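S.K.: Here's a structure for you.
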Amino acid sequence: MYEALLVIYLLVAIALIALVLIQQGKGADMGASFGAGSSATIFGSSGAGNFLTRSTAVLATLFFLLSLVLGNLTASRVTQEQEWSELGDAAPTAIEQPVSGDTAVEKTEQPSSELPQ
């Protein structure tokens, strides 16, 4: 369910961005009043503004509601950091790595106590 809500959230966010970019700014109304062809649109001369404004408001409301729902679902989930901190109770194991670049056989000789002269 969480993944489905996340996909819907992503689609709503992309649609909201697209609707905001499609809308005309406040300064574009002056050009439309001089016959810039806005009356030949699908929604009429003023219908597109109302439709896009309402669609943007609906998508913005849906975006915020999905944000709250996903935030509540995420808060109740166990994070990966918490899962790893619970592993601290187990005894740590030492991993031996070769000091030199040789990855062949480990040396079993004990270092001599005498210093080279």
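No gaps in the numbering here: position 27 of the sequence shown is 28 in the working numbering, and each next residue is one more. Built from N, CA and C at the ideal position, the CB exists for glycine as well. It should be emphasised that the depicted structure is a prediction, and the values quoted were computed from it without experimental measurement.
Kindly confirm or deny that the region 57-67 and the region 7-22 touch, where touching means at least three C-beta pairs closer than 8 Å.
M.R.: Counting Cβ pairs under 8 Å, three or more are found: they touch.
S.K.: Can you give the Cα-Cα distance for N51 and S68, rounded to whole angstroms?
M.R.: Locating residue 51 in the sequence shown gives position 50, counting from the first residue. Locating residue 68 in the sequence shown gives position 67, counting from the first residue. Their Cα atoms are separated by approximately 25 Å.
S.K.: Helix, strand or coil for G26, going by three-state DSSP, please let me know.
M.R.: Within the sequence shown, the letter at position 25 stands for residue 26. Of the three classes helix, strand and coil, the one that applies to G26 here is coil, per DSSP.
S.K.: How is R78 classed by DSSP in three states: helix, strand or coil?
M.R.: Mapped onto the sequence shown, residue 78 falls at position 77. R78 falls in the coil class under three-state DSSP.
S.K.: Kindly list the residues whose CB is nearer than 6 Å to the CB of Y3, restricted to its own chain and excluding five residues on each side of it in sequence; keep chain order.
M.R.: Position 2 of the sequence shown holds residue 3. Closer than 6 Å at the Cβ level, and outside the excluded window around Y3, lie L74.
S.K.: Could you check the C-alpha separation between L53 and A5 for me, to the nearest Å?
M.R.: For the purposes of this step, residue 53 is taken as residue 52 along the sequence shown, with counting starting at 1. For the purposes of this step, residue 5 is taken as residue 4 along the sequence shown, with counting starting at 1. When rounded, the distance between both Cα atoms is 26 Å.
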